[in-house]
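J.: Heads up: the sequence shown begins at 19 in my numbering, then just goes up one per residue.
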Amino acid sequence: MSIGTTIYLDNAATTRVDPRAFAAMTPYFLEQYGNAASRSHRFGREALTAVDRARRQAATLIGATPADIVWTSGSTESNNLAIKGTACARAKAPLGSAHRGHIITAAHEHKAALDPCQRLREEGFDLTVITPGHDGVVTADMVRQAIRSDTILTTIMWANNETGTVNDVPSIGAVCREHGITFHTDGTQWVGKMPVDVERDNIDLLSWSSHKMYGPKGIGALFVRRTGTATCPCNQIDGGGHEHGMRSGTLNVPGIVGFGAACELCQQEMEQERVRLSALRDRLERSLLERLSGVHPVGHRQRRMPHICNLIVEGVDTDAVMMELPDVACSTGSACTSEKKGPSHVLSALGYDSTLAASAIRLSLGRWTTESEIDRAIERIVEAIGSAREIESMIHGARVGA
């Protein structure tokens with residue numbers, strides 16, 4: 019997708035709202051604007067009907083039942099509710115005690131999962147942070163080796179937001195279920211792009227977000243299994259007891275309707291989009307690797323998402339590349355951490371030194387990315403990296419000669 023002459027290749031950060039999802043939302047701003055909790059009149063009942071329909075659409079996408087879907091403001095809130103809420107519900111000792119329970123996560127998780135885990139460590143929980151392999155994969159055996167008798171929760175993301183590398187969630191979930199451990203996965207980059215069946219995939223808690231899959235911003239969901247090893251998380255927001263008491267607050271009806279529509283559209287178009295995006299990603303990556311020296315792909319070469327390409331560019335700081343690339347919208351890391359200076363914590367966790375970890379570019383494709391845009395982007399990226407390297411070489415030469 020192009021805006022003017024700019025090519026948008028940052029779909030892992032956010033996506034354009036699908037016009038069909040937008041059209042589904044619009045009546046709930048100006049016409050059917052009732053509060054879904056106000057069931058005593060038509061406006062409220064119409065809103066509730068719309069929310070229930072969207073709940074079914076979201077549940078169908080992941081093979082769940084509608085009652086298992088909890089609306090949130092997005093994946094960050096979903097992760098916090100899942101992680102902190104489960105720790106609260108399964109704690110083996112009261113607040114202020116030590117050794118309240120053991121939690122497992124991985125070093126390259128999104129900050130929306132890592133930071134809640136670190137906060138729980140400060141509150142008396144023990145935390146094991148698994149270091150992934152250089153390819154970024156966390157295996158079921160790694161999780162199995164980290165399990166202790168007091169382990170209460172494992173949180174491992176399905177697909178990494180920076181590298182696109184995919185973890186074997188079903189196998190990890192099976193290990194957790196075998197040991198009676200609640201298993202949460204952050205599915206933000208996976209759901210809507212690849213198939214999900216929470217029963218088959220052994221998932222107790224699943225976070226995902228509307229704006230990563232062509233729905234509106236500010237709305238997300240948490241799947242909460244209510245049987246087996248799962249424990250309903252304690253609420254993190256007190257109030258009116260909405261969403262089965264797990265998430266109080268007036269429901270964002272237009273956002274929920276748009277999210278539901280986006281879920282349905284993703285399910286209908288998933289396979290054709292997977293094939294199309296994989297081909298475009300391979301075309302982009304292959305061309306850049308052939309035409310540029312000192313450029314290396316990051317992450318597993320087979321276990322990867324179809325829409326993400328992450329490349330390390332040797333010999334240049336990627337901020338310099340971005341300066342030479344105003345007409346291609348891409349990223350030097352996660353949108354949620356890009357304001358923080360320093361190398362990517364994801365690439366550092368994969369064993370890259372600080373120089374290489376600061377030299378990565380993420381290119382992420384989406385529903386409106388075209389072949390002609392990919393070809394234009396290839397030309398512009400090759401030019402930009404060449405220019406940035408030339409400038410870097412001149413600066414280095416001036417320093418040496420000074």
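Think of the CB as a built atom: it goes at the ideal place given N, C-alpha and C, for glycine as much as any other residue. Owing to the predicted nature of the structure, the values given are computational and were not obtained by experimental measurement.
Determine the DSSP secondary structure at Ser58, reduced to helix, strand or coil.
T.: Position 40 of the sequence shown, counted from the start, is the residue given in the question as residue 58. Reduced to three states, the DSSP call for Ser58 is coil.
J.: I need the boundaries of the beta strand (DSSP E) containing Tyr46, first residue and last residue.
T.: As a first step, residue 46 must be located in the sequence shown, where it is residue number 28. DSSP places Tyr46 outside any beta strand (DSSP E); the residue lies instead in the alpha helix (DSSP H), whose first and last residues are Pro45 to Leu48.
J.: I'd like the span of the alpha helix (DSSP H) that includes Pro272, first residue to last.
T.: One-based indexing of the sequence shown puts residue 272 at position 254. Start and end: Val271 to Arg309.
J.: Can you confirm whether the segment 366-376 touches the segment 273-291 when touching is taken to mean that 3 or more C-beta pairs between the two stretches lie within less than 8 Å?
T.: no
J.: For Phe241, does the three-state DSSP call read helix, strand or coil?
T.: Counting from 1 along the sequence shown, the entry for residue 241 is found at position 223. In the three-state scheme derived from DSSP, where H, G and I count as helix and E and B as strand, Phe241 is classed as strand.
J.: Given this structure, state the Cα-to-Cα distance separating His197 from Leu224, to the nearest angstrom.
T.: Here residue 197 is taken as the residue at index 179 of the sequence shown, counted from 1. Here residue 224 is taken as the residue at index 206 of the sequence shown, counted from 1. C-alpha separation (whole angstroms): 19 Å.
J.: Taking its Cβ as the centre, do 16 or more other Cβ atoms sit within 10 Å of Gln163, making it buried, or is it exposed?
T.: The residue labelled residue 163 in the question sits at position 145 within the sequence shown. With fewer than 16 Cβ atoms within 10 Å of its Cβ, Gln163 is classed as exposed.
J.: Name the two residues that bound the continuous beta strand (DSSP E) containing His314.
T.: Taking the sequence shown and counting its residues from 1, one reaches residue 314 at position 296. Here the beta strand (DSSP E) through His314 covers Val313 to Pro315.
J.: Mind checking which residues open and close the alpha helix (DSSP H) that includes Cys106?
T.: Sequence index remark: in the sequence shown, residue 106 carries index 88 (1-based). Counting along the chain, the alpha helix (DSSP H) containing Cys106 begins and ends at Ser93 to Arg108.
J.: So, at 6 Å on beta carbons, what are the nonlocal neighbours of Ala376 in its own chain, with the 5 sequence-adjacent residues on each side left out?
T.: As a first step, residue 376 must be located in the sequence shown, where it is residue number 358. Pro361, listed in sequence order.
J.: So is Tyr51 buried or exposed if we call it buried at 16+ other beta carbons inside 10 Å?
T.: Here residue 51 is taken as the residue at index 33 of the sequence shown, counted from 1. The residue is exposed, with fewer than 16 neighbouring Cβ atoms inside 10 Å.
J.: Can you say whether Thr149 is buried or exposed, counting buried as having 16 or more other CB atoms within 10 angstroms of its CB?
T.: On the sequence shown, residue 149 is found 131 positions in, with the first residue counted as 1. Burial is judged here by how many other beta carbons sit within 10 angstroms of a residue's own beta carbon; Thr149 has fewer than 16 and is exposed.
J.: If you reduce the DSSP assignment to three classes, tell me which class Arg322 lands in.
T.: Here the question's residue 322 lines up with position 304 in the sequence shown. Reduced to three states, the DSSP call for Arg322 is strand.
J.: Among Ala111, His128, Arg73 and Leu113, which residue has its Cα nearest to the Cα of His363?
T.: The residue labelled residue 363 in the question sits at position 345 within the sequence shown. Among Ala111, His128, Arg73 and Leu113, the Cα nearest to that of His363 is on His128.
J.: Run through DSSP, which three-state label would Ala158 get?
T.: Numbered from its first residue, the sequence shown carries residue 158 at position 140. The three-state secondary structure of Ala158, taken from DSSP, is helix.
J.: Taking the alpha-carbon positions, what's the Ser115 to Ala395 distance?
T.: Along the sequence shown, one-based indexing puts residue 115 at 97. Along the sequence shown, one-based indexing puts residue 395 at 377. Looking at the two C-alpha atoms, the distance is approximately 55 Å.
J.: What does the alpha-carbon distance come out to for the pair Ala406 and Val334?
T.: Counting from one through the sequence shown, the residue named residue 406 turns up at place 388. Counting from one through the sequence shown, the residue named residue 334 turns up at place 316. Take the alpha-carbon of Ala406 and the one of Val334: they are about 7 Å apart.
J.: Assign Ile170 to one of three DSSP states: helix, strand, or coil.
T.: Walking along the sequence shown from the start, residue 170 turns up at place 152. The answer is strand: DSSP assigns Ile170 an E or B state.
J.: Under 8 Å: do the segment 125-140 and the segment 227-237 share three or more Cβ pairs, one atom per stretch?
T.: no
J.: In chain order, what residues of the same chain have a beta carbon less than 7 Å from the beta carbon of Arg74, not counting five sequence neighbours either side?
T.: Locating residue 74 in the sequence shown gives position 56, counting from the first residue. These residues qualify, in order along the chain: Pro84.
J.: Per DSSP, which residues does Ile201 bridge with? Please list them.
T.: If you number the sequence shown from 1, residue 201 lands on position 183. First, the residue type needs correcting, since residue 201 is Phe and not Ile in the sequence shown. Partner(s): Thr172.
J.: Which two residues bound the contiguous alpha helix (DSSP H) that contains Asp215?
T.: By one-based count along the sequence shown, residue 215 stands at place 197. Taken as a continuous stretch (DSSP letters only), Asp215 belongs to no alpha helix (DSSP H), as it is neither H nor E.
J.: Say whether the segment 30-39 touches the segment 261-271, bearing in mind that this needs 3 or more beta-carbon pairs closer than 8 Å, one atom from each stretch.
T.: no
J.: Can you look up Cys250 in the DSSP assignment and give me helix, strand or coil?
T.: Position 232 of the sequence shown, counted from the start, is the residue given in the question as residue 250. Cys250: coil per DSSP, three-state reduction.
J.: Measure the C-alpha to C-alpha separation of Ile221 and Gly312 and round it to an integer number of angstroms.
T.: Residue numbering aside, residue 221 sits at position 203 when the sequence shown is read from its first letter. Residue numbering aside, residue 312 sits at position 294 when the sequence shown is read from its first letter. Approximately 40 Å, taken between the alpha carbons.
J.: Is the separation between the beta-carbon of Glu180 and that of Asn270 shorter than 8 Å?
T.: As a first step, residue 180 is located in the sequence shown; it is residue number 162 there, counting from the start. As a first step, residue 270 is located in the sequence shown; it is residue number 252 there, counting from the start. No.
J.: Where do the ends of the alpha helix (DSSP H) carrying Ile379 lie?
T.: One-based indexing of the sequence shown puts residue 379 at position 361. Here Ile379 belongs to no alpha helix (DSSP H); instead the beta strand (DSSP E) covers Ala378 to Ser382.
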